[in-house]
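So the sequence shown is numbered by the working numbering: it starts at 1076 and just counts up by one. Glycine included, every Cβ here is placed at the ideal spot set by N, Cα and C. The structure presented is a predicted model; accordingly, all values stated were derived computationally and were not measured.
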Amino acid sequence: MFTATAARSKGNLLDAQFGLSTGQIHKGLKPVTVHSLQKQYADKVPITMLTAHNYPSALIAQEAGVDIILVGDSLAMVSLGMADTSEVTLDEMVVHARAVARAAARSFTIGDLPMGSYEISPKQALASAIRMVKEGRMQAVKLEGGQEMAETIHKITSSGIPVCGHVGLTPQRQHALGGFKVQGNTVGKALSLLRDAQAVQDAGAFCIVLECVPQDIAEVVTQALKVPTIGIGAGNKTSGQVLVQIDMLGTRPPDAFMPKFVKKYGDEWTSSLNGIKQYKEEVTSRAYPAPEHNYKSDPKVTEALKAHIREFMEPNQAES
Ligand code: KIV
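Given below as structure tokens:
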């Protein structure tokens, strides 16, 4: 079971590794735990979840006070340039998770189990979840699916690893679903969504991502559950929200496909593009590096070096 003590010792490890003070990282805030999230849910304070795929993006999410950092398999597409999430492997996810974990002393961390790492059997899923915790240093795992995943979720949670469920649009099954489409929009589909969410909850999941569901349906499902729902494209009546950091910060090119529910809170593409263009221009014009970026030398050392070259070396073709 993950406790505040476990999370605190993660902070202590960071202190030792990086000489950082846990107090500095946390800014006096206690680490987020499953228990603190349950309290937050009971107090009806919306839970903020954001993806991070590497060390700096996790540091900044934590600095902003995000409760949960998700190492989502969306990284396959937005960070690794793959066509869809089915390509990313557990080995690759673990590398990204470890980097995120090094930054996240306060935020609670969840690592996605990628396609192929958990569907074959509950035993396979538990082995993958253990790797995500032992090697990826995550505090919980997320997996996609409803009623058919109940036994698997039970297996993982009863072994002491918290599970975040994921129902509605499950991108790993995009081909079966016929693409990235809104879910739960007929009576039959809404009922099946509710059954899925209940099964995932009853199997022991501590929270459930609800993706691409009409707001009213997401609200009814949320009210029927006893664990928090984290919405993405599911309106603002869920217990919390999650977005892909690279999407919401505007890091992707302006012509990249962006789902309707994404709000852009930044324009990293433009600011990075302008910065890199200026760098190129200043390198070309020799404006960079400027004197303030240079290391000082002793003129005598420079003179001695030149004298050595004059005496012992052939003239440089390019200079002659
Ligand atoms: O992979 C991911 O980033 C996700 C979120 C979008 C919920 O699953």
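Collapsing the DSSP output to three states places Gly1221 in coil. At least one heavy atom of ligand 1 sits closer than 8 Å to the Cβ of His1241. Looking at the DSSP output, Asp1142 sits in no beta bridge, so it has no partner there. Pairing Thr1184 with Val1175 gives a Cβ-Cβ distance under 9 Å.
Contact check for Lys1217 and Leu1145: beta-carbon distance about 7 Å, within the 8 Å limit, so the pair qualifies.
Restricting attention to Leu1300, Val1337 and Cys1239, the CA atom closest to the CA of Val1284 is found in Cys1239.
Arg1212 is positioned such that its CB atom lies no closer than 9 Å to that of Arg1248.
The residue among Arg1173, Asp1187, Thr1160 and Pro1121 with its C-alpha nearest the C-alpha of Gly1147 is Asp1187. Of the other Cβ atoms in all chains shown, 16 or more fall within 10 Å of the Cβ of Tyr1193; this residue is therefore buried.
Its Cα nearest to that of Ser1234, the residue Ile1205 stands out among Met1224, Ile1205, Lys1209 and Pro1246. Rounded to the nearest whole angstrom, the CA to CA distance from Met1190 to Thr1377 is 60 Å. The shortest CA-to-CA distance from Trp1344 to any of Gly1156, Glu1356 and Ala1331 is the one to Ala1331.
By the Cβ neighbour-count rule, Arg1181 is buried, with 16 or more other Cβ atoms within 10 Å of its own. Inclusion of Gly1315 and Thr1123 in the CB contact set at 9 Å is warranted, their separation being smaller than that value. Scanning the stretch 1255-1298 for uninterrupted alpha helix (DSSP H) segments of 4 residues or longer gives 1262-1277, listed from N- to C-terminal end. Inside the stretch 1138-1183, DSSP marks whole beta strand (DSSP E) runs of 3 or more residues at positions 1143-1146, from first to last along the chain. For Leu1348, the uninterrupted alpha helix (DSSP H) segment begins and ends at Glu1343 to Thr1359. Secondary structure note for Leu1318: its beta strand (DSSP E) is the uninterrupted segment Gly1315 to Leu1318. When the alpha-carbon of Gly1103 is set against those of Ala1117, Ala1127 and Gly1140, the nearest one is in Gly1140.
Using a cutoff of 8 Å, the CB of Asp1142 does not count as near ligand 1, since none of the ligand's heavy atoms is closer than that.
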